[in-house]
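**Student:** Mind looking over this structure? Questions follow.
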Amino acid sequence: MRVAVIGAGVVGLSATAALLQRSADVWCYEAGEPMGERSTGHTRIFRLAHVYPDMVELAARSRSLFAAWSQRAGTALVDEVGTVVSGAGAGEWAQAMAAAGAAHEVVEAGSPLLRLPAPTFAGPALIDPAGGVIRVDRIRAFLLAVAGDRLRHAHVDAVQETSAGVRVRAGTDVDTFDTVLICAGAGTSALAAGVGIDISPALEHHLRVSFPVRPGAPEPLQCWITGAADGVLGTYQHLAAHGSWAVGGDVDPALVGWGGGREAAERASAEIITAYVAEHLPFVEPRPIATVYCTHDPDLGDGLQFRRRGRVLTTYGENLMKFAPLLGEILAEACLDGSTPADAGPGAARVTAG
Ligand SMILES: Cc1cc2nc3c(=O)[nH]c(=O)nc-3n(C[C@H](O)[C@H](O)[C@H](O)COP(=O)(O)OP(=O)(O)OC[C@H]3O[C@@H](n4cnc5c(N)ncnc54)[C@H](O)[C@@H]3O)c2cc1C
1 MRVAVIGAGV VGLSATAALL QRSADVWCYE AGEPMGERST GHTRIFRLAH VYPDMVELAA
61 RSRSLFAAWS QRAGTALVDE VGTVVSGAGA GEWAQAMAAA GAAHEVVEAG SPLLRLPAPT
121 FAGPALIDPA GGVIRVDRIR AFLLAVAGDR LRHAHVDAVQ ETSAGVRVRA GTDVDTFDTV
181 LICAGAGTSA LAAGVGIDIS PALEHHLRVS FPVRPGAPEP LQCWITGAAD GVLGTYQHLA
241 AHGSWAVGGD VDPALVGWGG GREAAERASA EIITAYVAEH LPFVEPRPIA TVYCTHDPDL
301 GDGLQFRRRG RVLTTYGENL MKFAPLLGEI LAEACLDGST PADAGPGAAR VTAG
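Residue numbers (the UniProt record's numbering): 1 to 354.
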């Protein structure tokens, strides 16, 4: 089976790795730097915790697959420090964890089980002990080694189904495949539209900012997701590297909308996140030392969507890093047997097959 994977972000590379394991003749097209767009940076949050039990179960499967990858890579790809979800919604997340049979605990601020950069915060806290820091830098090295010479550095202009197979056109180069998988991140909706799959092209600017951790902070710090409350920013936070604390936030959509431009969105996000750190995180110095920028779809949230038209399959979603090895397996199987994987979590309503 000849398969083209379009996009060498974490999803495309994971699918390429899984297809190679199944002895497919796979080629992965990448227009820029592999894992240089939405998969950029060194770290992300892993968590079993989701508000949907099916997503908790999928995350548990992904965690096992990360363990298998870690063995193959010879290094830990997830640092299991735990992830905490706090705020009024923590109870709902806990219910989903319970329904999926995932280990968890609900505590109040001040619990000795918490290792966060702030001793007080709004609402109860759900502790997800299987959560932790995803080592993106290590995953990039691992997946690039596995993909090897199966990477084609080319921008795909169009995908077209013909009676002879699926044609992939990149500049003047045209190749034909038995099946094509589009996982091009922000480029997915344009390519998918060409084969009649209608995916929302909604985009927003998003910034994560890192700050120095002050001496005396608890160790090792847990990853932390805080719900928005009483004018306080909803955030996600984790160790970006030793002594460096990364904070991203749900900034007002009016400030990070696509039309306002990247520069203005980055400036507004950095100001808002820095002010949040100064006010709420006593163990973090409100002095930005690094940023990670990406585009994202503001309406998708946690969820996995899959669409097929003939021999072309595409996947779309947000927060996909934690599902990378599982997505690789699911997509490889679907490429080879012609099926369409089932959607999971919310957001599916906005993505429709044309
Ligand atoms: C700041 C930030 C924080 C995040 N936090 C988390 C987190 O804590 N936990 C989590 O699980 N996830 C998190 N995510 C989300 C996660 O990183 C992304 O969902 C995931 O990396 C997306 O991978 P992808 O392969 O779908 O997309 P991408 O990495 O964007 O890959 C798509 C690739 O396709 C290529 N491409 C596009 N168009 C074409 C074309 N026409 N021809 C050839 N190539 C093309 C692009 O160059 C790109 O390399 C975060 C993301 C960011 C940026």
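Glycine included, every Cβ here is placed at the ideal spot set by N, Cα and C.
Report yes or no: do the stretch 294-307 and the stretch 38-51 share at least 3 C-beta pairs separated by less than 8 Å?
**Tutor:** yes
**Student:** Determine the extent of the alpha helix (DSSP H) in which L336 is found, giving its start and end residues.
**Tutor:** On the sequence shown, residue 336 is found 336 positions in, with the first residue counted as 1. L336 -> alpha helix (DSSP H) spans 324-337.
**Student:** Is the closest heavy atom of ligand 1 to the C-beta of I197 under 7 Å?
**Tutor:** On the sequence shown, position 197 is the one that residue 197 refers to. No, ligand 1 has no heavy atom inside 7 Å of this Cβ.
**Student:** M1: buried (16+ other C-beta within 10 angstroms of its C-beta) or exposed?
**Tutor:** Position 1 of the sequence shown, counted from the start, is the residue given in the question as residue 1. Exposed, since its Cβ has fewer than 16 Cβ neighbours within 10 Å.
**Student:** Considering only DSSP beta bridges, list what V213 is partnered with.
**Tutor:** Counting from 1 along the sequence shown, the entry for residue 213 is found at position 213. Paired residue(s): V284.
**Student:** Using the rule of at least 16 other Cβ atoms within 10 Å of the residue's Cβ for burial, across every protein chain shown, is Q305 buried or exposed?
**Tutor:** If you number the sequence shown from 1, residue 305 lands on position 305. Buried, since its Cβ has 16 or more Cβ neighbours within 10 Å.
**Student:** At 3 residues or longer, what runs of the beta strand (DSSP E) sit wholly inside the stretch 125-197?
**Tutor:** 125-128, 132-135, 151-153, 158-162, 165-170, 173-177, 179-182, all fully within the stretch 125-197.
**Student:** Alpha carbon to alpha carbon, what distance is there between R311 and S86?
**Tutor:** Position 86 of the sequence shown, counted from the first residue, corresponds to residue 86. Position 311 of the sequence shown, counted from the first residue, corresponds to residue 311. If you take the alpha carbons of S86 and R311, they lie about 43 Å apart.
**Student:** Around the C-beta of T315, are 16 or more other C-beta atoms found within 10 angstroms, so that it is buried, or is it exposed?
**Tutor:** Taking the first residue of the sequence shown as 1, we reach residue 315 at position 315. Answer is buried; the Cβ neighbour count reaches 16.
**Student:** What's the call for H238, buried or exposed, on a 16-neighbour Cβ count within 10 Å?
**Tutor:** Position 238 of the sequence shown, counted from the first residue, corresponds to residue 238. The residue is buried, with at least 16 neighbouring Cβ atoms inside 10 Å.
**Student:** Name the one or two DSSP bridge partners that S86 has.
**Tutor:** Here the question's residue 86 lines up with position 86 in the sequence shown. A125, T226, per the DSSP bridge assignment.
**Student:** Alpha carbon to alpha carbon, what distance is there between F177 and L191?
**Tutor:** Residue 191 sits at position 191 when you count from the first residue of the sequence shown. Residue 177 sits at position 177 when you count from the first residue of the sequence shown. When rounded, the distance between both Cα atoms is 16 Å.
**Student:** I'd like to know whether the C-beta atoms of P53 and A100 end up nearer to each other than 8 Å.
**Tutor:** Translated into the one-based positions of the sequence shown, residue 53 becomes position 53. Translated into the one-based positions of the sequence shown, residue 100 becomes position 100. It is a contact, given that the beta carbons lie within the stated cut-off.
**Student:** Beta-carbon within less than 7 Å of L151's beta-carbon, same chain only, minus the 5 sequence neighbours each way: which residues are those?
**Tutor:** Along the sequence shown, one-based indexing puts residue 151 at 151. Answer for L151: A8, C28, E30, P34, listed in chain order.
**Student:** According to DSSP, is A349 helix, strand or coil?
**Tutor:** Locating residue 349 in the sequence shown gives position 349, counting from the first residue. For A349, the predicted model reports a pLDDT of 49, less than 50, meaning its position is unreliable; a value from the coordinates is still stated below. Note: A349 maps to helix in three-state DSSP.
**Student:** Give the secondary structure of R22 by DSSP, where H, G and I count as helix, E and B as strand, and everything else as coil.
**Tutor:** One-based indexing of the sequence shown puts residue 22 at position 22. Reduced to three states, the DSSP call for R22 is coil.
**Student:** Taking 6 Å as the limit between beta carbons, can you name the residues of its chain near L281, skipping five residues before and five after?
**Tutor:** Looking up residue 281 in the sequence shown gives position 281. Answer for L281: P117, A118, listed in chain order.
**Student:** For my contact list, A17 and L143 are in at a C-beta cut-off of 8 Å; report their separation, rounded to the angstrom.
**Tutor:** The residue you call residue 17 lines up with position 17 of the sequence shown. The residue you call residue 143 lines up with position 143 of the sequence shown. The Cβ separation is near 6 Å, so the contact holds.
**Student:** Any chance you could list the beta strand (DSSP E) runs of at least 3 consecutive residues sitting entirely within the stretch 24-73, in chain order?
**Tutor:** 25-30, 43-46
**Student:** Tell me whether S244 sits in a helix, a strand or coil according to DSSP, three-state version.
**Tutor:** Numbered from its first residue, the sequence shown carries residue 244 at position 244. Looking at S244 - three-state DSSP - the assignment turns out to be strand.
**Student:** Could you tell me which residues DSSP puts in a beta bridge with H206?
**Tutor:** One-based indexing of the sequence shown puts residue 206 at position 206. C294.
**Student:** Quick one: is the Cβ of G249 within less than 7 Å of any heavy atom of ligand 1?
**Tutor:** Numbered from its first residue, the sequence shown carries residue 249 at position 249. No - ligand 1 has no heavy atom lying nearer than 7 Å to the Cβ of G249.
**Student:** Mind checking who A100 pairs with in its DSSP beta bridge?
**Tutor:** The residue labelled residue 100 in the question sits at position 100 within the sequence shown. Partner(s): none; A100 has no beta bridge.
**Student:** Keeping to the same chain, check which residues put their C-beta closer than 6 Å to that of T179; ignore five residues upstream and five downstream.
**Tutor:** Start at 1 with the first residue of the sequence shown, and residue 179 comes out as number 179. In chain order, V3, R311, C335 place their CB closer than 6 Å to the CB of T179, counting only its own chain and leaving out the 5 sequence neighbours on each side.
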